[in-house]
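Under the numbering used here, think of the first position of the first sequence as 38, with each following residue one higher.
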Amino acid sequence: MEYNFRKIEQEWQQKWIATNAYKVNNESAKPKFYVLDMFPYPSGTGLHVGHPLGYIASDIYARYKRLKGYNVLHPMGYDSFGLPAEQYALETGQHPAVTTEKNIATFRNQLDRIGFSFDWSREVKTSDPAYYKWTQWIFLQIFDSWYNHSTHQAERIETLIQIFETEGNKSKIKNQKSKLFTASDWKSFDEKEKQDILMEYRLAYSAYGEVNWCEALGTVLANDEVVNGVSERGGHPVIKKKMRQWYLRITDYADRLLEGLEKVDFSESLKEQQRNWIGKSQGAEIDFAINGSNQKLKVYTTRPDTIFGVDFMVLAPELDLLNEIVSPEQRAAVDDYLSYVKSRSDRERMAEVKQITGCFTGANAINPFDGRAIPVWIAEYVLSGYGTGAIMAVPCGDERDYNFAKHFNIPITNIIGEFYNGNEANPTKDALLTQSGFLNGMLMRDAIDVVITKLEQMGIGKRKINFKMRDAGFSRQRYWGEPFPIVWKHGSALPLDEKELPLELPHVDKYGPGPEGEGPLGNLSSWITTPDGKRETATMPGYAGSSWYFLRYMDPHNNQAFCDRKVSDYWGQVDLYIGGTEHAVGHLLYSRMWTKVLFDLGYIGHDEPYKKLVNQGMITGKSYFFMHDKAHADTIVSYKKEEATLLARFKYGHNYVDAGGKLTKKSFDKYLSDQKYKTTDFDIRWDKDEEGAFIYVKEESEKMSKSKFNVENPDEIVDKYGADTYRMYEMFLGPVEASKPWDTKGIEGVHRFLKKLWRLFYDEIKGKVWTDDKPTAEELKILHRTIKKIEDDTERFSFNTAVSSFMICVNELADSKCHKKEVLEKLLVLLTPYAPHIAEELWHLIGNSGSVLDAAYPLFDANYVTETSKEYPVSINGKVRTNINIALEAAQPEVEQIVLGNETVQKWLEGKAPKKIIYVKNKMVNVVV
RNA sequence: GCCCGGGUGGCGGAAUUGGUAGACGCAGCAGACUCAAAAUCUGCCAUUCGCAAGGGUGUGAAGGUUCGAUUCCUUUCCCGGGCACCA
């Protein structure tokens, strides 16, 4: 009887489906555990070998937790709204719903073959009306909320209206942009005015704003979808455009998103990425008087201590204040500069960061402490969107200010003594201030507070905290997304009644943009026209559905609520979340914010969605680059299969073949120079000496992608070696968190291990070899050591070393010819999370029933057969000299006596008395003489 | 430029708290079984000196702390990732 993995795996997979083996209940006396994968976007290309890495790791952990007696929620679904399906629809005319369904079927098929323990009865699809009904509903809750900065939480908009009615908007609830008004003012406003003011407070709001407009995609992109001034998808240019857009007021949550990082278990680098994105900085706002004007110039600085070193001011060109302070003499120059700035795209601006441009406005500000006149400039290096859009420039302490001063010959004041060398700025805080009036002799870092206090006393400045993070754009001029449950009437946004949800996406025939940059829905008069007003034509962005899906899994079929409060209280936080780093600042921040809003409004009982996050590394594919020898013919004629495949990759991957599909010397030279490759970059691979030609090949690891012809499909591996081998091999490859190249070389070793395990039970010739004999203490030791090791390794996500431990165990059992059921069946239980099919099969073959996952072994609390004595290395002055046998008793062995009483040790001590004896627990005895 | 990671055999990687570096696997070499192949099994496998016993060196490089450092500290080089005019 041999290990027929194809038959075994197929049978068990069918059985699991037929018996709902992995269905999990919301009511259980067991403790809960929630293991979640980042759900996939069902792309047309299906899974490649990198995708399942995280799924396998989470599946192992979920099964392991179930073994340990937990009620484990381990669901899967699809993030099925999004741009690629719509892009595909534009090109082929196929409805996104159709292609999405097709892709989901492919994904499901591939996933099923790997033997996951997902509870498919809880599957969610974000594009399913039954799902997005609740995405829309949550949106309406966010729309109906504002952030109360005195209670530090979201509250219903009614509470804001009450405040307005009784006290207007006093400073504590004043929004930066809104004007002050009193209670009676409020009462005098008409409905439109009231709605406009409320819109300035809502957590989901609509406003005119500069958005990232991508002409080629015909849509608005979020900040994180724009990379270096071009779209992340497709690399199309992106420009700024003013449009009415929906936003989430995520900036109100900046502090809580920052603080929340302290209580979650994410990797330091991921937390750091989120902190950088939020970009909190502490400093001061300072008002400068303008010479000959009653206008004030407000700047933001983190270094108020350098105020005596301010040599000029810079405004962002977009700032309104500019028009009021520009001098008549400088008017023309300023106008020229402004038109220059307008002519430049964001892309150019980013590409030419080093280029220094600017223009003097003719105005001068006054230093409040020494009365010095400070010239006011405009320059595009100052961003209008951050701080006040104006800065005070201190060239001796800031590199950009220094470069600007040098470029325009502005004299530089040195306030840091010898810390400034005249050639470059020094941003130190450790200098003693000079030329700084009342601050002279003070340490800079101490002066920061002194200056702020003084400014506050003088009434011209205050402490201020700023964030880099902007509110998140929440609308897309696209079709394949959740429609907004909003109708516009007389310029005000009216929410739909929740009874009307879901507001279903209508069918369209054309997927092209609508009028005036609107989405495809703008072309549909039946959509726009309603008795109550004009319907919103934008749709929600890709991250809407994924911002709360982890809650829906808990209660997926509830049509009364997005998730019953009792159920979400039971499952609580996701205990373990596994996914890639690409969502570090997008999805992970948005879903954290949604969770906080739902918590504030009382719909759920926790305000951080994920307790622990593990980022799986990327599995890279191998790409091959070719050249052939200069000495021989102009064409490569390829016969071998392997070569033919590689040649094809080159051929289709790059356009460097001639009309006949052949790679020529000329075309290859062009390829080399285009790609900036040298002959020495390549390895010689095939010596086709019968023709006197070489082929040079360069191998590179890069992200798997269809366009690079380096995708490895998991199906092929499963076909050849089986799912269990595939699962264990992906783990064996290295730590889950590490990126590593895909390489099938080692897979044989893992496959051999499973065959060897099988042979402990069944021999090809002899048949059944397992026995009911009592195991020896030696055999139990092997087992118990393995149990302990696997438990440790699994717990700390060291799946690669766990696989090694299994191999060691099976080798040892085989060496000692141990075929005893009592040992082997415990090993099977232990193996189930890693290789579920073979474990289940053997478990049943040796006469057990029920699921091995529910095996009632007190496996992990076994009375270990422990060693009674152990060989310890003894080192003399750090040098290992000998091993001695020390009895392991309950208490720590009396090292001193053993060591001194041992003849071998005596010999090494050479009559010297030990100064110190160090007993390193379970490791070694060290004698210092 | 700034902020995170990381550099260990021919390769992937192990070493959990500072305690015998190189587990486990791949590849390679030698052998057993076989008519042969596959499968399986055994031995060797960082480097260097040596017939051997045994010794020297060795975790990117240079220093330091320690009885003892892949692990901690300082300096430096290289690779990967993120951010990037945020004042």
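Where is the CB? At the ideal position from N, CA and C, for every residue including glycine.
These numbers were taken from a predicted model, which means no experiment stands behind them.
C-alpha gap between residue i and residue j, whole angstroms
i       : j      : result
LEU334  : GLU355 : 14 Å
LYS713  : THR394 : In this prediction, LYS713 scores a pLDDT of 47, lower than 50, which makes its location untrustworthy; no coordinate-derived value is stated.
GLY948  : LYS916 : 17 Å
GLN514  : TYR423 : 26 Å
LYS207  : PRO550 : 43 Å
SER853  : PRO112 : 42 Å
HIS1024 : LEU650 : The shown model of the chain, from 38 to 966, leaves out residue 1024, and the question about it has no answer.
TYR284  : TYR290 : 14 Å
ILE54   : GLU46  : 12 Å
VAL964  : ALA851 : 39 Å
ARG409  : ASN328 : 10 Å
LEU867  : LEU294 : 39 Å
GLU123  : LEU358 : 43 Å
ILE411  : PRO274 : 39 Å
THR618  : THR869 : 29 Å
GLY938  : ILE954 : 13 Å
VAL773  : ASP96  : 13 Å
MET38   : LYS52  : 22 Å
LYS952  : ASP292 : 56 Å
LYS863  : VAL135 : 47 Å
LEU197  : ALA220 : 12 Å
Residue i, buried or exposed, once every other Cβ within 10 Å from all chains shown has been counted against 16
i      : result
HIS620 : buried
GLY729 : Confidence in GLY729 is poor, its pLDDT being 37 and thus under 50, which makes the residue's placement too unreliable to answer from.
THR762 : buried
MET765 : buried
MET495 : exposed
LYS571 : exposed
SER182 : buried
GLN282 : buried
PRO365 : exposed
ASP809 : exposed
THR831 : buried
LEU217 : exposed
ALA369 : exposed
Neighbourhood of residue i by C-beta, 6 Å cutoff - its chain only, sequence neighbours within 5 removed
i      : result
ALA416 : VAL351, GLY395
PRO812 : LYS857, GLU859, VAL860
LEU770 : LYS777
GLY609 : HIS643
ALA468 : ILE453, PHE456, MET481
Of the residues the options, the one placed nearest residue i, counting alpha carbons only
i      : options                        : result
LYS499 : GLU933, ILE323, GLU785         : ILE323
ALA430 : ILE449, LEU476, TYR423         : ILE449
TYR115 : GLU828, GLY83, SER306          : GLY83
GLU160 : ILE175, ALA142, ARG150         : ALA142
MET481 : VAL488, LYS466, LYS491, GLY528 : LYS466
VAL634 : PRO593, GLN282, SER584, ALA775 : SER584
LEU626 : ILE641, GLU645, GLY639         : GLU645
LYS782 : TRP795, GLY804, TYR758, ILE802 : TYR758
ASP372 : GLY399, GLY320, ILE935, LEU469 : GLY399
MET9   : ALA760, ASN914, GLN653         : Because the chain is modelled from 38 through 966, residue 9 falls outside the range shown and cannot be assessed.
ASN175 : CYS600, TYR607, LYS391, GLN50  : In the sequence as displayed, the identity of residue 175 is Ile instead of Asn. Comparing Cα positions, the closest option is CYS600.
PHE226 : ASN249, GLU202, SER243         : GLU202
GLN147 : GLY434, VAL86, HIS132          : VAL86
Own chain partners of residue i with C-beta closer than 7 Å, once the 5 adjacent residues on each side are dropped
i      : result
PRO910 : VAL917, ASN920, MET961
LEU177 : PRO522, PRO532, GLU535
VAL109 : VAL61, PHE70, VAL72, ALA99, LYS102, ARG103
ASP569 : VAL524, LYS526, LEU531
PRO539 : PRO166, TYR169, LYS170, GLN173
THR717 : In this prediction, THR717 has a pLDDT of 45, which is less than 50 and means its spatial position is unreliable; what the coordinates show is noted afterwards. Around THR717: no qualifying Cβ.
Residue i beta carbon near the ligand MN (any heavy atom closer than 7 Å)
i      : result
THR566 : The model depicted lacks the ligand MN and carries no ligand whatsoever.
Cβ-based neighbour list, residue i, same chain, cut-off 8 Å, excluding 5 preceding and 5 following
i      : result
PRO578 : ALA259, GLY510, PHE511, SER512, ARG513, GLY518
Handout entry: Three CB pairs or more closer than 8 Å across the region 863-878 and the region 788-796
Key = Yes: the two stretches touch, three or more of their Cβ pairs being nearer than 8 Å.
Exercise for the section: Say whether the region 333-348 touches the region 471-489, bearing in mind that this needs 3 or more beta-carbon pairs closer than 8 Å, one atom from each stretch. Expected result: With the cut-off at 8 Å, the region 333-348 and the region 471-489 touch.
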